[in-house]
Amino acid sequence: MENNNLKQTSNKESSSVQAVERALLILKFIGESPSPISVGDLAKQVELNRTTVWRLIGTLENQGFVEKEPISKGYQLGYSLFQLTSQNNPYDSLVRRARKILEELKDEVGETVLLSVPKQDGILTIDQIDTDHSVRLVDYSHTISPLHCTSNGKILLSLLPKKELDIILEQTLEPFSKYTITDPEELRKELEKTYTQKIGTSIGELDENENAISAPIFDRKKNLVAFITLGGPSFRLTKDDLLLLSDRMLEAAKQIEAQLD
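The sequence shown begins at 1 in full-length UniProt numbering and counts up by one.
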């Protein structure tokens, strides 16, 4: 009886070690992939069946070590992994390449400029350059903002396939201020305008005292990789002021894209 228990314990330990090895192998291939990778491609790379990869991916995703890219639905390394190694911020290269352009825009307009990236559940701000004004934007650095009431979030939503957008709009849209658009059809019209104009705006929708405008940043494969945003207090940066900055924001986004080649 004791020998049987030892064998069962040994088998469980062996199975656990194998699962860890497979999970680490998946992390390795995801990290080495130049773009988000699908489960099917990942299964071929690691030579495991799709069911096994799905199970391991699900565990890694629940712990934040991998995450699904919202547009391609491929998997990339998650933010939790990089929190373990503060010396290896995955966004350092992007921040470094965009910094000069962000600073030039901040100096030119005199308002706060942010750089952010799309996440499955919102928008993560990876860099923020503030002005010297005593009244300015809240510090959004390293925080995740909602999609439906932010200028960069609206851009992401406007680029989603219709079926995926429908699923999001079926959910309750939380009001963050009295100006937050919570009616799905009204938001859908706003997103159509965002898609056409290629810029997103938020007029007091996240914080009724703040207005912002964003432009998308794509890599050379036309994958959405980031957003550049300019924002400030509504008494100083009005809706009309923002709309006048549309071309300038698109120009700044293009300048950052050129740095990604």
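Note that the Cβ used here is the ideal one computed from N, Cα and C, for glycine as well.
task = For Val113, count neighbouring C-beta atoms within 10 Å of its own C-beta (all shown protein chains included) and say buried if the count is 16 or more, exposed if not.
result = For the purposes of this step, residue 113 is taken as the residue at position 113 of the sequence shown. Looking at its Cβ environment, which holds 16 or more other Cβ atoms inside 10 Å, Val113 is buried.
query = Can you name, in chain order, every residue of its own chain whose Cβ lies under 6 Å from the Cβ of Leu260, other than the five neighbours on each side?
reply = Translated into the one-based positions of the sequence shown, residue 260 becomes position 260. Same-chain partners within the cutoff: Asp219.
query = Can you round the beta-carbon distance between Ala253 and Pro216 to whole angstroms, since I take them to be within the 8 Å contact cut?
reply = Position 253 of the sequence shown, counted from the start, is the residue given in the question as residue 253. Position 216 of the sequence shown, counted from the start, is the residue given in the question as residue 216. About 6 Å separates the two Cβ atoms, so the contact holds.
ask   = Touching or not, the region 227-234 and the region 95-115, by the rule of three or more beta carbon pairs under 8 Å?
value = yes
According to DSSP, residues forming a beta bridge with Phe218 = For the purposes of this step, residue 218 is taken as residue 218 along the sequence shown, with counting starting at 1. DSSP lists Leu224 as partners of Phe218.
request  = Can you grab the Cα-Cα spacing for the pair Val66 / Val46, in whole Å?
outcome  = Within the sequence shown, the letter at position 66 stands for residue 66. Within the sequence shown, the letter at position 46 stands for residue 46. About 16 Å.
ask   = Counting along the chain, where does the beta strand (DSSP E) carrying Ile129 start and finish?
value = The residue labelled residue 129 in the question sits at position 129 within the sequence shown. Counting along the chain, the beta strand (DSSP E) containing Ile129 begins and ends at Gly122 to Ile129.
inquiry  = Could you check whether Gly204 and Ser177 sit closer than 8 Å to each other, using their CB atoms as the reference points?
reply    = Start at 1 with the first residue of the sequence shown, and residue 177 comes out as number 177. Start at 1 with the first residue of the sequence shown, and residue 204 comes out as number 204. Contact flag set, yes.
inquiry  = Helix, strand or coil, according to DSSP, for Leu157 in the structure here?
reply    = For the purposes of this step, residue 157 is taken as residue 157 along the sequence shown, with counting starting at 1. Note: Leu157 maps to helix in three-state DSSP.
inquiry  = Tell me which residues share the same chain as Ser234 and place their Cβ nearer than 8 Å to its Cβ, disregarding the 5 neighbours each side in the sequence.
reply    = Reading the sequence shown from its first residue, position 234 is the one you call residue 234. Ile203, Gly204, Glu208, Asn209, Glu210 and Asn211.
inquiry  = With the cut-off set at 8 Å, would you say Lys163 and Gln120 are in Cβ contact?
reply    = As a working mapping, residue 163 is identified with position 163 in the sequence shown. As a working mapping, residue 120 is identified with position 120 in the sequence shown. Contact flag unset, no.
Residue closest to Gly122, alpha-carbon to alpha-carbon, out of Pro70, Tyr179 and Leu48 = In the sequence shown, the residue the question calls residue 122 occupies position 122. It is Pro70 whose Cα lies nearest to the Cα of Gly122.
ask   = In whole angstroms, what is the alpha-carbon distance linking Glu190 and Leu245?
value = Within the sequence shown, numbered from 1, the residue matching residue 190 stands at position 190. Within the sequence shown, numbered from 1, the residue matching residue 245 stands at position 245. One C-alpha to the other measures close to 18 Å.
Of the listed residues His142, Thr51 and Leu159, nearest to Asp92 (C-alpha basis) = Residue 92 sits at position 92 when you count from the first residue of the sequence shown. For the residues His142, Thr51 and Leu159, the minimum Cα distance to Asp92 belongs to His142.
ask   = Taking all protein chains shown into account, do 16 or more other C-beta atoms lie within 10 angstroms of the C-beta of Leu60, making it buried, or fewer, making it exposed?
value = As a working note, residue 60 is residue 60 in the sequence shown. That one is buried.
Beta-bridge partners of Gln76, as assigned by DSSP = In the sequence shown, counting from the first residue as 1, residue 76 sits at position 76. Answer is Glu67, bridged to Gln76.
request  = Kindly indicate which three-state DSSP category Pro118 falls into: helix, strand or coil?
outcome  = Sequence index remark: in the sequence shown, residue 118 carries index 118 (1-based). If DSSP states are grouped into helix, strand and coil, Pro118 belongs with the strands.
query = Does the beta-carbon of Ile167 have 16 or more other beta-carbons within 10 angstroms, so that it is buried, or is it exposed?
reply = Your numbering for residue 167 matches position 167 in the sequence shown. With fewer than 16 other Cβ atoms within 10 Å, it is exposed.
query = Mapping DSSP to helix, strand and coil, what is Glu190?
reply = By one-based count along the sequence shown, residue 190 stands at place 190. DSSP places Glu190 in helix when its eight states are reduced to three.
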